[in-house]
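First up is the structure itself, then whatever we jot down about it.
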Amino acid sequence: MERKEFYRISSNGEGQVFSRSWVCENPWAIVQIAHGMAEYSNRYDEFAEKLVDIGVNVYANDHLGHGLSKQGHQGTFAMKKGGFDYVLEDMRTLFKYAEEQDGKLPKILLGHSMGSILAELYASRYKDIDGLILSGTVAPNSAVNAAIGIANLHIAVHGHAWVSPLLKKLTDFGKKGDSPMERFSWISSDKNVVKKYVEDEDCGFDFTSSANREMFIGLKEVTSKDWAKNVPMIPILIASGSEDPVGNKGAGPKYYYDQLLNAGHDKVTLKIYENDKHEILNEVNREEVYLDMTNWINEEIKEQLIV
824 MERKEFYRIS SNGEGQVFSR SWVCENPWAI VQIAHGMAEY SNRYDEFAEK
874 LVDIGVNVYA NDHLGHGLSK QGHQGTFAMK KGGFDYVLED MRTLFKYAEE
924 QDGKLPKILL GHSMGSILAE LYASRYKDID GLILSGTVAP NSAVNAAIGI
974 ANLHIAVHGH AWVSPLLKKL TDFGKKGDSP MERFSWISSD KNVVKKYVED
1024 EDCGFDFTSS ANREMFIGLK EVTSKDWAKN VPMIPILIAS GSEDPVGNKG
1074 AGPKYYYDQL LNAGHDKVTL KIYENDKHEI LNEVNREEVY LDMTNWINEE
1124 IKEQLIV
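Add 823 to a position in the sequence shown, counting from 1, and you land on the number used in the numbering used here.
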């Protein structure tokens, strides 16, 4: 296996987006990982190795405002409206780059948390992938319209880069007065994972009002009645922890599962891991999750598409 790091021109026209790849010889598929809010691509290094072990090449961006794609604005996608669209376009061009390197191979998109919103949007808009994996997906939120309105107001008054305490509460699952370890204990049962997250300056940072607005606009689209109808008929795996507050403890993943079934999808798998929290790929039972996901890729993609 070989790890590569590289920069590409971002679709927002404001700079470069940082990307990584984990590659092997003679791959049979390409997996792109879309990371979550306030983290970055290299947190998926261990899982990427497992994917390479089954003959899959892996690619991932640091989304705009994250990791090594900060462009001077940590916690935001672009200093203008439409930031999520730029992130999606960066994902599309990363798949194109991967195809230039590896040739035309089956493409699988894995999105975690905020990245699951991006993956859901990507699937419904571009329709050019052969498999979709949603990890720690975000539950529908009845306050989404209000959140978008509040974000627009705060941007008008304070600017794109301002951090709204009110919007912060909607995406912060800690409690007032919590220690840093307690504040982020919801991400994993593995205390070492939480400790590394807390100590990493590229994790757990505050989102700006503009970034929150873009994320809530995306959430509104993927929780609309029409979203599932626009997703191509491809194998889809929805996986989450039973104690994940982002997915409302399993209710969110079940919502997407039901929406897809109602839209006629017949290759959808729902997996809820008992007692797991938000980051199932960083949980105490992560080896089980790795095995389930790699087996799913082999069974649902390789055995169906590779002759």
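No residue lacks a Cβ here, since even glycine has one placed at the ideal position from N, Cα and C. This structure is a prediction, so every number in the text was calculated from the model and none was measured.
Pop quiz: residue i and residue j are said to be a contact at Cβ under 8 Å. What is the actual Cβ separation, rounded to whole angstroms?
| i | j | result |
| --- | --- | --- |
| Gln855 | Leu917 | 6 Å |
| Trp845 | Val875 | 5 Å |
| Ile1040 | Ile971 | 6 Å |
| Ala1074 | Ala1051 | Actually they do not touch by this definition, with Cβ atoms about 16 Å apart. |
| Asn880 | Asp925 | 6 Å |
| Gly1027 | Phe1007 | 6 Å |
| Val961 | Gly1070 | 7 Å |
| Glu1123 | Gly954 | 6 Å |
Beta-carbon separation of residue i and residue j under 9 Å?
| i | j | result |
| --- | --- | --- |
| Phe841 | Ser892 | yes |
| Leu993 | His977 | no |
| Glu1106 | Gly1064 | yes |
| Tyr945 | Arg915 | yes |
| Ser1033 | Lys904 | yes |
| Thr1092 | Ile1061 | yes |
| Lys1014 | Glu1066 | no |
| Gly859 | Gly959 | yes |
| Val1045 | Glu943 | yes |
| Ile877 | Asn1121 | yes |
| Glu912 | Ser834 | yes |
| Ala966 | Thr1031 | no |
| Ser1011 | Glu1102 | yes |
| Leu1084 | Pro929 | no |
| Lys1094 | Asp1081 | no |
| Asn975 | Lys1043 | no |
| Tyr863 | Ala921 | no |
Which first and last residues belong to the beta strand (DSSP E) in which residue i is found?
| i | result |
| --- | --- |
| Gly934 | Lys930 to His935 |
| Gly954 | Gly954 to Ser958 |
| Ala984 | Looking at the DSSP string, Ala984 is not in any beta strand (DSSP E), and its letter there is neither H nor E. |
| Val854 | Ala852 to Ala857 |
Based on the DSSP secondary-structure assignment, which residues constitute the bridge partners of residue i?
| i | result |
| --- | --- |
| Gly1064 | Tyr1096 |
| Ser844 | Lys827 and Tyr882 |
| Val1091 | Ile1059 |
| Ile832 | Gln839 |
Starting from residue i, trace the alpha helix (DSSP H) in both directions and tell me its first and last residue.
| i | result |
| --- | --- |
| Ala921 | Gly906 to Asp925 |
| Ala1051 | Trp1050 to Asn1053 |
| Ala871 | Asp868 to Asp876 |
| Ile1040 | Ser1032 to Val1045 |
| Asp1081 | Ala1074 to Asn1085 |
| Val1016 | Lys1014 to Glu1022 |
| Asp1025 | It is not in any alpha helix (DSSP H) - Asp1025 carries neither H nor E in the DSSP assignment. |
| Asn1118 | Arg1109 to Trp1119 |
| Pro1003 | Pro1003 to Arg1006 |
Mind checking if residue i is an interface residue toward chain B, Cβ cutoff 9 Å exclusive?
| i | result |
| --- | --- |
| Arg831 | The structure shown contains no chain B; it holds only a single protein chain. |
>> Quick test of the definition: if touching needs 3 or more C-beta pairs under 8 Å, does the stretch 946-959 touch the stretch 871-881?
In response: no
> Does the stretch 1003-1020 touch the stretch 879-894, meaning 3 or more C-beta pairs lie closer than 8 Å?
Replying inline: Touching, no.
>> If contact is defined by three or more beta carbon pairs under 8 Å, each pair taking one atom from either stretch, is the stretch 1035-1051 in contact with the stretch 919-936?
In response: In this structure the stretch 919-936 does not touch the stretch 1035-1051; the number of beta carbon pairs closer than 8 Å is below three.
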